[in-house]
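Presented below is the structure to which this report refers.
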Amino acid sequence: MASLWGGRFEKDMDELVKKYNASIFFDQRMYNEDIDGSIAHVTMLGKQGIVTEAERDQIIAGLEGIRKDISDGSIVFTVEDEDIHMGIESRLIARIGDVGKKLHTARSRNDQCQVDGRLYLKKEIREILNSLCCLESVILEKAEKYADQITVGFTHLQHAQPITIGFVFMAYFQMFKRDIQRLMDTLERMDCNPLGSCALAGTTMPIDRHLTSQLLGFAAPCENAMDGVSDRDYSLEFLSDASISMMHLSRWAEEFAWWNSSEFSYIAIDDSFCTGSSIMPQKKNPDMAELIRGKVGRVYGDLMQLLTVMKGTPLAYNKDFQEDKESLFDAIDTWKATIDIFAKMLDKTEFRMDRIEQQLSRGFLNATDIAEHFAKQGIPFREAHAIVGRMVKACENKNCDFRDLTEEDLQSIDSRVTKESLGDISIKACVDARMSFGGTAPAEVRRQIAVGKAWLDSLACQ
Ligand code: ARG
Numbered sequence: 006m007a008s009l010w011g012g013r014f015e016k017d018m019d020e021l022v023k024k025y026n027a028s029i030f031f032d033q034r035m036y037n038e039d040i041d042g043s044i045a046h047v048t049m050l051g052k053q054g055i056v057t058e059a060e061r062d063q064i065i066a067g068l069e070g071i072r073k074d075i076s077d078g079s080i081v082f083t084v085e086d087e088d089i090h091m092g093i094e095s096r097l098i099a100r101i102g103d104v105g106k107k108l109h110t111a112r113s114r115n116d117q118c119q120v121d122g123r124l125y126l127k128k129e130i131r132e133i134l135n136s137l138c139c140l141e142s143v144i145l146e147k148a149e150k151y152a153d154q155i156t157v158g159f160t161h162l163q164h165a166q167p168i169t170i171g172f173v174f175m176a177y178f179q180m181f182k183r184d185i186q187r188l189m190d191t192l193e194r195m196d197c198n199p200l201g202s203c204a205l206a207g208t209t210m211p212i213d214r215h216l217t218s219q220l221l222g223f224a225a226p227c228e229n230a231m232d233g234v235s236d237r238d239y240s241l242e243f244l245s246d247a248s249i250s251m252m253h254l255s256r257w258a259e260e261f262a263w264w265n266s267s268e269f270s271y272i273a274i275d276d277s278f279c280t281g282s283s284i285m286p287q288k289k290n291p292d293m294a295e296l297i298r299g300k301v302g303r304v305y306g307d308l309m310q311l312l313t314v315m316k317g318t319p320l321a322y323n324k325d326f327q328e329d330k331e332s333l334f335d336a337i338d339t340w341k342a343t344i345d346i347f348a349k350m351l352d353k354t355e356f357r358m359d360r361i362e363q364q365l366s367r368g369f370l371n372a373t374d375i376a377e378h379f380a381k382q383g384i385p386f387r388e389a390h391a392i393v394g395r396m397v398k399a400c401e402n403k404n405c406d407f408r409d410l411t412e413e414d415l416q417s418i419d420s421r422v423t424k425e426s427l428g429d430i431s432i433k434a435c436v437d438a439r440m441s442f443g444g445t446a447p448a449e450v451r452r453q454i455a456v457g458k459a460w461l462d463s464l465a466c467q
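Just so it is clear: in the sequence shown, position 304 is 309 by my numbering, and no numbers are missing.
See the structure below:
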């Protein structure tokens with residue numbers, strides 16, 4: 006197949022160069038967007054009188070035929086196609102003859118690859134937003150179910166304070182909420198149409214970039230042609246959104262792995278999300294949680310790859326930019342699959358309250374509550390903190406709990422402290438009393454759930 010750009014060349018491309026230069030093996034995934042872009046372009050050329058209506062119709066029919074043949078597998082691209090833009094255009098010319106050669110009037114592959122990229126990413130972002138919304142609704146359901154169930158809250162991986170499981174769920178809800186908002190911001194900022202930027206400087210042809218923007222569902226044409234063909238920050242934004250969200254997923258996956266460990270056994274991950282060992286018959290490993298934790302590495306790598314490609318590239322288009330696609334596609338696939346699998350795993354996970362309850366009496370989880378109790382009785386908090394610290398020490402020496410300290414023990418720690426002054430220090434009373442805004446009390450968690458639900462409903466995800 007003769008190249009579409011061969012006019013000034015005397016020699017054919019070296020075979021190694023053909024392979025190295027080709028992007029067809031990865032950019033063909035944008036064939037639908039490439040055809041949509043071409044149809045909008047030729048529709049505009051027709052409206053502007055640059056091609057006749059009959060030519061426009063012939064070109065559109067040819068493109069739709071190619072779309073069908075690609076989707077049913079009767080067109081198989083090869084290295085000779087170089088990229089999806091030329092793969093489709095050369096087939097159009099072969100199919101409808103010379104009229105097909107008019108399609109490339111007032112455009113360039115430089116703007117074309119950006120139209121495809123932006124359309125494709127917009128579509129994928131909408132799907133990822135839907136997946137994140139599904140994850141959020143699973144979280145809300147579970148938060149509701151476990152709104153009253155108490156577990157151990159950790160800092161430094163040490164027992165810290167009692168919290169509700171619903172509260173933990175709502176903490177993650179907030180992280181994914183910000184992930185959704187970040188992605189929506191990215192979608193809004195990237196919503197401009199580069200078509201008609203041409204190679205870098207626009208065109209002398211009387212095109213209408215507002216019309217193609219409208220036809221393709223972009224908010225507006227990109228304001229500056231040179232920026233339109235050279236900007237990849239929308240991909241970088243997407244990759245950083247993906248990296249941050251994958252980091253959130255990997256943090257929760259890590260908690261899943263240790264909640265599921267023999268030492269904790271706070272949860273039992275469903276069999277369908279675990280794998281066995283080829284040698285140890287008893288093993289049931291939390292492989293999905295570990296893989297999620299691991300896959301974040303790829304996505305960080307994708308972000309670093311494109312940041313590095315873009316660094317120091319002069320205006321306008323450079324072939325380096327062709328390297329913007331594989332990492333983007335990899336991040337899209339990885340992030341989407343990870344959200345979906347995590348949501349499903351979460352949905353099927355139940356907490357083992359019997360195991361968790363055994364841990365609630367360990368680690369003096371109510372120590373801060375006692376200090377706050379003393380502070381309410383007028384003891385300055387710093388002193389209250391020191392008193393409870395001495396109570397912990399006394400308990401450790403006697404190998405007992407706060408409740409087991411005698412009146413004498415308490416008096417020797419501080420004359421203001423009596424058994425009576427400790428008040429209700431049951432774990433449940435402590436949790437119920439943490440009613441400060443954003444706190445862990447079941448009633449407060451239910452308020453957070455209601456706010457979260459209203460926000461999610463307002464997004465109208467599918
Ligand atoms: N395959 C190319 C890419 O993805 C298309 C643009 C080529 N433009 C050019 N001037 N060589 O970046």
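The beta carbon of each residue, even a glycine, is placed where N, CA and C say it ideally should be.
Keep in mind the model is a prediction, meaning the values are calculated, not measured.
- Separation of Arg123 and Glu129 (C-alpha to C-alpha, rounded to the nearest whole angstrom) is 10 angstroms.
- Considering only Ile274, Lys381 and Asp213, the residue with the shortest C-alpha distance to Cys203 is Asp213.
- The beta carbon of Asp406 is closer than 7 angstroms to those of Ser366 and Cys400 in its chain, skipping five residues each way along the sequence.
- Remark: the C-beta of Tyr271 is outside contact range of the ligand ARG, defined as less than 7 angstroms to any heavy atom.
- Contact between Ile274 and Thr354 holds, with the beta-carbon distance rounding to 6 angstroms and staying under 8 angstroms.
- Between the alpha carbons of Glu242 and Arg421 lies a gap of roughly 58 angstroms.
- Annotation: Gln163 to Ala262 spans about 17 angstroms, alpha carbon to alpha carbon.
- In the displayed model, Phe172 falls within a helix according to three-state DSSP.
- Going by DSSP, Thr339 is part of the alpha helix (DSSP H) stretching over Lys330 to Asp352.
- Taking Arg61 as the centre and dropping the five residues before and after it, the same chain places the C-beta of Val47 and Gly51 closer than 6 angstroms to its C-beta, in chain order.
- Per the Cβ contact rule, the region 23–35 is in contact with the region 84–92 (3 or more Cβ pairs under 8 angstroms).
- Distances from the CB of Asp32 to the heavy atoms of the ligand ARG include at least one below 7 angstroms.
- Within the DSSP bridge table, the entry for His164 names Phe159 as partners.
- Annotation: Lys107 is outside any alpha helix (DSSP H) and is labelled neither H nor E by DSSP.
- Listed as beta-bridge partners of Cys197 by DSSP are Ala225.
- Looking from the CA of Leu308, the closest CA among Gly443, Ser245, Leu9 and Ala27 belongs to Ser245.
- Just measuring C-alpha positions, the residue of Gly457, Arg451 and Val456 sitting nearest Tyr151 is Arg451.
- Just measuring C-alpha positions, the residue of Glu149, Leu311 and Thr83 sitting nearest Glu328 is Leu311.
- Of the candidates Asp414, Lys182 and Lys381, the residue whose Cα lies closest to the Cα of Met396 is Asp414.
- In this structure, the beta-carbon distance from Ile40 to Leu68 falls below 8 angstroms.
- By the neighbour-count criterion, in which a residue is buried when 16 or more other Cβ atoms sit within 10 angstroms of its Cβ, Ser255 is buried.
- Here the C-alpha atom of Met293 lies approximately 9 angstroms from the C-alpha atom of Thr280.
- Spatial neighbours of Tyr177 in its own chain (CB-CB distance under 8 angstroms, excluding positions within 5 residues in sequence) are listed in chain order as Ile144, His253 and Trp257.
- Boundaries of the alpha helix (DSSP H) around Gly302: Asp292 to Met315.
- With fewer than 16 other CB atoms across the displayed protein chains lying within 10 angstroms of its CB, Gly11 is exposed.
- Of the other Cβ atoms in all chains shown, fewer than 16 fall within 10 Å of the Cβ of Lys316; this residue is therefore exposed.
- Gly105 and Ile346 have their C-alpha atoms spaced approximately 45 angstroms apart.
- Between the alpha carbons of Lys182 and Ser8 lies a gap of roughly 48 angstroms.
- For Val22, the enclosing alpha helix (DSSP H) begins and ends at Glu20 to Asn26.
- Remark: the shortest separation between the CB of Lys324 and any heavy atom of the ligand ARG falls under 7 angstroms.
- The residue among Leu200, Ala225 and Glu228 with its C-alpha nearest the C-alpha of Ala45 is Leu200.
- Here Leu296 has no same chain residue with a Cβ atom under 7 angstroms from its own Cβ, once five neighbours each way along the sequence are excluded.
- For the 8 angstroms CB-CB criterion, Met175 and Ala148 form a contact.
- Distances from the CB of Ser28 to the heavy atoms of the ligand ARG include at least one below 7 angstroms.
- A straight-line Cα-Cα distance of about 13 angstroms links Val120 and Asp232.
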